[in-house]
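Heads up, the thing below is written out as structure tokens.
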Amino acid sequence: MRIPWIGLAAALAVTSLADAAPQPPAFRLGDAATPIEYAVSLAIDPREPRFSGEVRITLRVNRAAPVLWLNATNLTVESAEYQQARRKIPVSVIPGGEDFVGFEARGAEFTPGIALAIIRYHGTLEPVSTRGLFRQEDRGEWYVVSQFEAINARRAFPCFDEPGWKTPWRVTIDAPAADVVISNAPETRTGAAPGRDGWMRHEFAQTKPLPSYLVALAIGPFEVVEGGTAGAKQTRLRYLTQKGRADEARYAKEVT
């Protein structure tokens, strides 16, 4: 006579555990945490369909929370850790469906204050659509370009991918040495990429505060047409074209 009760108790226990599992946000991330600045490192070969990355997010935890959620789409998190008040917080990665990934503190929960998230991951370059990081072929040459507007930065790196959050960004890109690498900040240093024969590391200056959708990058055998300077601040102008198509930038250079 006790067996049905045992079965019922087990069923209730399973249901209770399922109910207690962290649930991703319904739409927006909420205000449990606020991004302060990002450092993004990417390794991209336009000839290959996959890329890898590491993002370091300095953030402010606004209230005690067992789980912190970020936006991420089609990214596989390989490892993650949080540092807060000089202590490392081990975390478990919580799948959050198509648009989110959660990080659950193991042991003590996240407490209010400044924290650093370090997330290593890999993803796939979009082969057809022009969103996130996508790759395209032209005359046998491969190129990677970003299009993060309006909410597609989450396809390139875990982040707070909402336009209301504006933070400084620092971008570093490892790519094959033959490729031109561009981002929307001045390049500050170029050198051999550690552990990658025939690759170069391109480091870019920290940007002004930007929403995630305004971060931009391009990698490939581009031809660069110098356009001089323009404006009161004498901003340097350059035009990128696919290999062998520099002449097609002539008109843009003349009228700008």
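Reminder that position 212 of the sequence shown reads as 213 in this note's numbering, one-by-one numbering, no gaps. Heads up, the beta-carbon is just placed ideally off N, CA and C, and yes, glycines get one too.
Query                                                                                                                            : Result
Contact set for residue 253: own chain, Cβ-Cβ below 7 angstroms, skip 5 residues either direction                                : 240
Per-residue burial, residue 205 [other beta carbons within 10 Å of its own, 16 or more giving buried]                            : buried
Collapsed DSSP secondary structure at residue 62 in the structure displayed                                                      : strand
Run of the alpha helix (DSSP H) containing residue 251, from where it starts to where it stops                                   : 251-256
Boundaries of the beta strand (DSSP E) in which residue 77 is found, first to last residue                                       : 76-85
Element boundaries [beta strand (DSSP E), containing residue 319]                                                                : Nothing in the structure corresponds to residue 319, since the chain is present only between 2 and 257.
Nonlocal neighbours in the same chain, by C-beta distance under 6 angstroms from residue 152, ignoring five residues either side : 162
Under 8 angstroms between C-beta atoms of residue 86 and residue 61                                                              : no
Helix, strand or coil at residue 206 [DSSP, three-state]                                                                         : coil
Burial state of residue 123 (16 or more Cβ within 10 Å)                                                                          : exposed
Residues bridged to residue 30 (per DSSP)                                                                                        : For residue 30, which the question treats as bridged, DSSP gives no partner whatsoever.
Status (buried if at least 16 other CB within 10 Å, exposed otherwise) for residue 225                                           : exposed
Supposed close pair residue 98, residue 23 - CB separation, criterion 8 angstroms                                                : Contact flag wrong, Cβ pair sits at about 12 angstroms.
Any 3 or more C-beta pairs closer than 8 angstroms across the region 89-108 and the region 38-53                                 : no
Cβ-based burial, residue 28 [other Cβ within 10 Å; buried from 16]                                                               : exposed
Opening and closing residue of the beta strand (DSSP E) in which residue 191 lies                                                : 188-193
Sub-8 angstroms separation of residue 68 and residue 103 beta-carbons                                                            : yes
Neighbourhood of residue 53 by C-beta, 6 angstroms cutoff - its chain only, sequence neighbours within 5 removed                 : 44 and 123
Three-state class that DSSP yields for residue 126 in the structure shown                                                        : coil
Cβ-based burial, residue 130 [other Cβ within 10 Å; buried from 16]                                                              : exposed
Spatial distance of residue 188 from residue 101 (CA atoms)                                                                      : 31 angstroms
Cβ shell of residue 169 (< 8 angstroms), same chain only, five flanking positions each side left out                             : 38, 39, 207, 208, 209, 210 and 211
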